[in-house]
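Reviewing the structure listed below.
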Amino acid sequence: MPVGEFDVLDGLDSIPGRLAEAAATLRLVDHHVHGCFVDPIDRGAFEESFNEASTDPIPPFMTQFDSQPGFAFRRWCAPLLGVERHAPADDYWAARASLAPADLDRRLLPPAAVDHWIMDTGFSLRPITTPVEMAAESGGRTSEIVRLELLAEELLAAGIAPAEFADAFRARIAAAAGEAVGFKTIVAYRSGFDIDWAPPGDAAVAIAFAHWAAAEQAKPRLADPVLEAFVVHTALATGRPLQVHVGFGDRDLDLHRTNPMLLLPLLRRPEAARAPIMLLHCYPYHREAGYLAQAFDNVYFDVGLGVNYVGAQSRQVIAESLELAPFAKQLYSSDAFGLPELHLVGSVLWRRGMAAVLARWVAEGEWSEADACRVLQMIGSENARRVYGV
Amino acid sequence: MPVGEFDVLDGLDSIPGRLAEAAATLRLVDHHVHGCFVDPIDRGAFEESFNEASTDPIPPFMTQFDSQPGFAFRRWCAPLLGVERHAPADDYWAARASLAPADLDRRLLPPAAVDHWIMDTGFSLRPITTPVEMAAESGGRTSEIVRLELLAEELLAAGIAPAEFADAFRARIAAAAGEAVGFKTIVAYRSGFDIDWAPPGDAAVAIAFAHWAAAEQAKPRLADPVLEAFVVHTALATGRPLQVHVGFGDRDLDLHRTNPMLLLPLLRRPEAARAPIMLLHCYPYHREAGYLAQAFDNVYFDVGLGVNYVGAQSRQVIAESLELAPFAKQLYSSDAFGLPELHLVGSVLWRRGMAAVLARWVAEGEWSEADACRVLQMIGSENARRVYGV
Amino acid sequence: MPVGEFDVLDGLDSIPGRLAEAAATLRLVDHHVHGCFVDPIDRGAFEESFNEASTDPIPPFMTQFDSQPGFAFRRWCAPLLGVERHAPADDYWAARASLAPADLDRRLLPPAAVDHWIMDTGFSLRPITTPVEMAAESGGRTSEIVRLELLAEELLAAGIAPAEFADAFRARIAAAAGEAVGFKTIVAYRSGFDIDWAPPGDAAVAIAFAHWAAAEQAKPRLADPVLEAFVVHTALATGRPLQVHVGFGDRDLDLHRTNPMLLLPLLRRPEAARAPIMLLHCYPYHREAGYLAQAFDNVYFDVGLGVNYVGAQSRQVIAESLELAPFAKQLYSSDAFGLPELHLVGSVLWRRGMAAVLARWVAEGEWSEADACRVLQMIGSENARRVYGV
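From first to last, the protein sequence lines stand for chains A, B and C.
Under this note's numbering, read the first sequence as residues 12 to 401, first letter to last.
Under this note's numbering, read the second sequence as residues 12 to 401, first letter to last.
Under this note's numbering, read the third sequence as residues 12 to 401, first letter to last.
This is the structure:
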């Protein structure tokens, strides 16, 4: 059952035939993903990119290769780079370092078998590939997501007057809605979720913007709760899907304040029902996210990122994602950033985890095999196509 | 190993003989359950009743059949309605719609093999079957649980004077204690758990009641924290078990404010030690509930509701329930409401999950088979019989 | 594959050979553990010591033998006491009661195959064995951990003047650092984690100490947040590892206020980066702990205690511990206290859980067997040796 150059279900016994076929060959929609690093990186930068938690140098007593993503890279990516599976870290690194970034992408992206990448083209410390480059290197199509905080920060940097900010932001959103298939907020990293979610009036927005503009700042950073509520409601008013970062990320984030249950005061507002709300990642709050996806017609979620970062343990996280939420409300994402290893491993682990979990349910008669295949397709592709219109 | 008309352990290999016998034939006590809908319902109402999260119409892009409970209904209930297991949703609905509600009950309730239903006869938007009807349709016995908030709301509706409320409520509780086997509070939905749990004096109760009575309200709804503390302490003083809704329910509930750890200030009070406190459902806080059942002699818990709503994933939730709490402190419930499918599937999934989890521990030598059978009987029946005296 | 007198992997099929050898024979470092009871105890005291949750007498309707640790004792310890595995509780108790405490220790401690016990010699209601006794009875070496709150309480009891407390405490810490391999704080039980973690100045410390000293108290108990911040920062300044109790313990603890995410304001401070911070136990917040161990170079964690208390369910908890954190950031501990059964069962369950979890990943090709053996050694021994210098 090869996907591209390898057998993605290798080592999994007793996956029934049609389910195995579906899990191995389904062309995915990766509904939240970033580009790959354009320039070569050194080994330190490589290991620091295994996860988003910290940008500190790796301490001398350890290597990030000794982690679930490290083991997954050595298992799944090594053969595509010309070294044996489970090759030692130094061998893996030597093989990787001998390839140009674009060559790496062309080896690792196509076997992910992603038909459509929905890309967050926002902030990156290093240059990353554009949607056009991603499409060329992967053989998939691409669409774009626009990050709300960045739009607002660009307006501040452009020196807009406080009284004009609200209209200008609405105009930017309207323009973006012409090209992008959705928006994204990182309010989790900024004010947190426990803010007043009533839509603020333009006068309040102007005052908040004036305070923000008056604060000295080398690099403007939107974190004011009034402005966060404003940009979120402005995006929701377009009816386009709004992606919301939920749960773990880097260590600047107060994880316990990104429990998606803290979004209830927003979700219960009638204005919030106008657009699909996509809860991203969610780990370790994926059970809470599933509850919200069950309780609100317009709420969806995924366990991207979590799947990549827990590697061989991803089967349990995937199983836990298949609890409360109706199957029409779940999606696939890798949230890969920078390293094409992450784009591939996200796909591999999701296919394997789904296949293994569903195969047991089929074997024990709880689910029919036809239903298992159908759910795989809904979560891996169809739901995203319906919600984003891609 | 048939229960009623079907093999409840079908598809589970390698359950040892005595454990399989116990899991398949044990007559359960369902210690928290509701009646079934008396009148025919249309398909929309049917699908909306798969869970309690929302009463919105099902959106056109999806069906609740594509969910864990939907798949479980098609697997376990379909053959009892005359269609094949895993029959398409439309076929399932057609078969179900052709039967009168009481016929459905008589097909689906007896195979649940419940010897005793402990019924919450409180609030329902649609008429539901009484304990007498449930007994007749299922072949089991029934007892009643009285909901505290409802008693208080009835007194308000009857126009009682604030100064007389405390005595009148105590009299109602005393009268109820003569018939009911326990009480239930839905403080989780009302004030939340993080209130002052000191028993309020009658003067404070009268003032709080006066404020409540003075508020205009079409449908009185007890939510005042002083009154909640009063009704809870009044019930506890009888020594009868008090059921407490914990964890997920409908979307009006602030899930994170129903973490049972927030009950610690109540549980530590000496007055709270006078009666068994039964933490219901608890998902996704069942590990926290197990901790409380370990830490307090009078605290018990179940994972009902969760088991039904996560379907094929229930084995993991059941395994997680078997962690900290001594086995004398756990119970079985379905929390089924309205649909007899839920009464049946709760029983089926619990039997299968327990059988599969315990079989592995027996196979690996961690537990003896005799202990596994004994724990099954404790949680499925004996603990409830001891606590409720049924 | 016997460890001491028994086959620790008995009943686990299909553990590959080298991994089985490593799991069965690895000499552990138990990086957080207490001594054993010196004097004989009665059955009530024995059962009350199965866990730390409560010191109430066991209620008459139950026995703590009917719990995961009770079943684990009857499985793993019974044969070492001369009764059959899974012997009835009364037989187990009779065999145990016929042996002197030191004889129990000499039967149960050596098969734990612990090479080095890092002992918290702090508070105990009953006399417990010293490091010297533990070493003699177990055949392992020992090191000591000093509890910060106890040091401060001793200074208060000695009648030190408030203005002299800060210097005196620093001197005590400096002296302790000469002998102990690390420190421990139980701030979780005292002020909780959500305090101001800025290092207080000596003047603020003197004022807080004066208030503490002025309060009447039979048994001084450090709980003041200023003093907690002071003792923690004083210990961190030595560079020695600081153990932090996290997650469940006894019922005096507000579990939800010991979520390790509440330590973020401490962990982000530059002063906190000067020493390894060891998050102990962590259940049910082990996923959050793993996130912190991923995000901060100097944060480590274990799932001790949890493993012992969930018995046969420990495999899942161990699997969950192998998610986010790099493998260099995890350790083994039993947190055994009083009963040598706990010292043994902690080791047995950890070896079995690791073997079973890793064997599946090896069988499915996710991990190499060599990596599995290496990670077992890192978590079971090497990481602790590096961090504590033992």
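For each residue, glycine too, the CB sits at the ideal point set by N, CA and C.
Rounded to the nearest angstrom, the Cβ distance from F312 (chain B) to L290 (chain B) is 4 Å, consistent with a contact under 8 Å. Distances from the CA of L20 (chain B) to each of B:A123, B:W378 and B:A300 were compared; the closest alpha carbon is that of B:A123.
With respect to the C-alpha of P231 (chain A), the residue from A:F134, A:A177, A:Q79 and A:N62 having the closest C-alpha is A:F134. Out of C:G364, C:I52, C:V143 and C:V255, the CA that lies nearest to the CA of H42 (chain C) is found in C:V255.
Residue environment analysis places E227 (chain A) among the exposed positions, since fewer than 16 neighbouring C-beta atoms fall within 10 angstroms of its C-beta. Looking at the backbone, the Cα of N309 (chain A) and that of R279 (chain A) are separated by about 11 Å. DSSP links M130 (chain A) through a beta bridge to A:V44 and A:E155. One Cα belongs to E144 (chain C), the other to E160 (chain B), and the distance between them is close to 59 Å. Distances from the alpha-carbon of L387 (chain A) to those of A:I139, A:G22, A:L39 and A:V257 put A:L39 closest. Each of B:R183, B:A191 and B:V157 was checked against the Cα of A169 (chain B), and the nearest Cα belongs to B:R183. Flagged as an interface residue toward chain B: Q305 (chain A), by a C-beta distance shorter than 8 Å. Here V44 (chain A) really is in contact with S344 (chain A); their C-beta atoms are around 6 Å apart, less than 8 Å. C-alpha of R137 (chain B) to C-alpha of F48 (chain B): approximately 7 Å in a straight line.
Scanning the stretch 308-384 of chain A from its first residue to its last, the whole alpha helix (DSSP H) runs of 4-plus residues come out as 317-321, 325-332 and 351-374. Under the 8 Å criterion on CB atoms, V321 (chain A) is classed as interfacial with respect to chain C. If you check the CB distance, E155 (chain B) and T132 (chain B) come in under 8 Å. Residue contact check for R396 (chain A) against chain B: no CB pair falls below 8 Å.
In the three-state reduction of the DSSP assignment, F194 (chain C) falls in the strand class, which pools E and B. Linking L115 (chain C) to L316 (chain C) through their CA atoms gives a straight-line distance of about 21 Å. Taking C-beta separations shorter than 8 Å and ignoring five residues to either side along the sequence, the partners of G55 (chain B) in its chain run P68 and I69, following chain order. A:A300 is the residue among A:R251, A:T249, A:A300 and A:A225 whose C-alpha sits nearest the C-alpha of F259 (chain B).
Apart from sequence neighbours up to five positions away, the residues of its chain that approach V368 (chain B) with a beta-carbon distance below 8 Å are R326, I329, A330 and L333, ordered along the chain. For Q228 (chain C), no alpha helix (DSSP H) segment is defined, and its DSSP state is neither H nor E. In this structure M272 (chain C) is not in contact with H292 (chain A), their Cβ atoms being roughly 16 Å apart against a cut-off of 8 Å. At least 8 Å separates the CB of M272 (chain B) from every CB of chain A.
One finds F72, M73 and D77 in chain A with Cβ atoms closer than 7 Å to the Cβ of A339 (chain C), taken in chain order. In this structure, B:G81 is the residue among B:G81, B:A35, B:I52 and B:P71 with its C-alpha nearest to the C-alpha of G322 (chain B). Between G28 (chain C) and E375 (chain B), the CB-CB gap reaches or exceeds 8 Å. In this structure, the alpha-carbon of F61 (chain B) lies about 21 Å from that of V125 (chain B). Beta-bridge partners assigned by DSSP to H256 (chain A): A:L291. Taking 8 Å as the upper bound on Cβ-Cβ separation, chain C lies near residues R96 and H97 of the stretch 90-115 of chain A.
Inter-residue distance for R86 (chain A) and W378 (chain C) is about 7 Å (C-alpha atoms, whole angstroms). With its beta carbon at least 8 Å from every one in chain A, D213 (chain C) lies outside the interface. The C-beta of L353 (chain B) comes no closer than 8 Å to any C-beta of chain A.
The beta-carbon separation of A304 (chain A) and K340 (chain A), rounded to 4 Å, stays under the 8 Å limit for a contact. Non-local C-beta neighbours of G364 (chain B) in its own chain, meaning closer than 6 Å and more than five positions away in sequence, comprise S325, R326 and I329, ordered along the chain.
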